[in-house]
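Trainee:
In my numbering, the protein residues as written are 67 to 198.
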């Protein structure tokens with residue numbers, strides 16, 4: 067049993083950041099807003115899992131100023147990466163010196179939610195289960 071679990075948001079940000087140079091990735095909207103950015107956050111978690119596992123819903127938003135194609139491409143790239151973390155690949159995440167292993171992933175195709183402020187936004191949710 068673990069007395070400390072890593073921050074899954076930060077672990078995922080750390081895993082994705084080198085794959086998207088020049089594109090800010092975080093849990094908040096960067097200010098000033100760049101032409102493209104990625105926002106991720108945990109939207110919920112399963113409560114009935116063993117102490118060595120954590121299961122949660124990850125939301126990923128991709129934003130691009132005036133360019134729906136760019137937002138869609140970012141969302142598609144992230145989907146391919148995240149879906150590859152589970153289902154036979156089993157990516158390792160590390161945060162604060164604690165390693166976790168992704169057991170499975172699932173997620174839909176990205177969906178466009180244009181906010182009407184000149185930015186295109188694609189949103190997708192993923193269910194991740196990790197073993198500590």
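Glycine included, C-beta positions come from ideal geometry on N, C-alpha and C.
Look at residue 125 and residue 144 and say whether their C-beta atoms are less than 8 Å apart.
Mentor: Result no, Cβ atoms of residue 125 and residue 144 do not sit closer than 8 Å.
Trainee: Does the Cβ of residue 95 have 16 or more other Cβ atoms within 10 Å, making it buried, or fewer, making it exposed?
Mentor: The residue in question, residue 95, is exposed, as its Cβ has fewer than 16 Cβ neighbours within 10 Å.
Trainee: So, with DSSP's three-state summary, where would you put residue 77?
Mentor: Residue 77 falls in the helix class under three-state DSSP.
Trainee: With respect to the alpha helix (DSSP H) encompassing residue 145, which residues constitute its N-terminal and C-terminal limits?
Mentor: Looking at the DSSP string, the run of the alpha helix (DSSP H) that includes residue 145 is 134-151.
Trainee: For residue 128, does the count of other Cβ atoms within 10 angstroms reach 16, so buried, or fall short, so exposed?
Mentor: Answer is buried; the Cβ neighbour count reaches 16.
Trainee: Pick out whichever of 85, 77, 91 has its Cα sitting closest to the Cα of residue 146.
Mentor: Comparing Cα positions, the closest option is 85.
Trainee: Nearest-angstrom Cα distance between residue 82 and residue 91?
Mentor: Cα-Cα distance, rounded: 8 Å.
Trainee: State the beta-bridge partners of residue 130 as determined by DSSP.
Mentor: Paired residue(s): 102, 186.
Trainee: Can you list, in chain order, the residues of its chain whose CB lies under 7 Å from that of residue 102, leaving out five sequence neighbours each side?
Mentor: Excluding residues within five positions, the ones whose Cβ falls inside 7 Å are 89, 129, 130, 136, 140.
Trainee: Measuring only the C-alpha atoms, how far is residue 183 from residue 97?
Mentor: So the alpha carbons of these two residues sit roughly 15 Å apart.
Trainee: Could you have a look at residue 124 and say whether DSSP puts it in helix, strand or coil?
Mentor: Reduced to three states, the DSSP call for residue 124 is strand.
Trainee: Compute the Euclidean distance between the alpha carbons of residue 186 and residue 138, then round it to the nearest angstrom.
Mentor: Residue 186 and residue 138: Cα-Cα distance of roughly 9 Å.
Trainee: Is DSSP giving residue 194 helix, strand or coil here?
Mentor: If DSSP states are grouped into helix, strand and coil, residue 194 belongs with the strands.
Trainee: If you run the structure through DSSP and keep just helix, strand and coil, what is residue 93?
Mentor: Coil.
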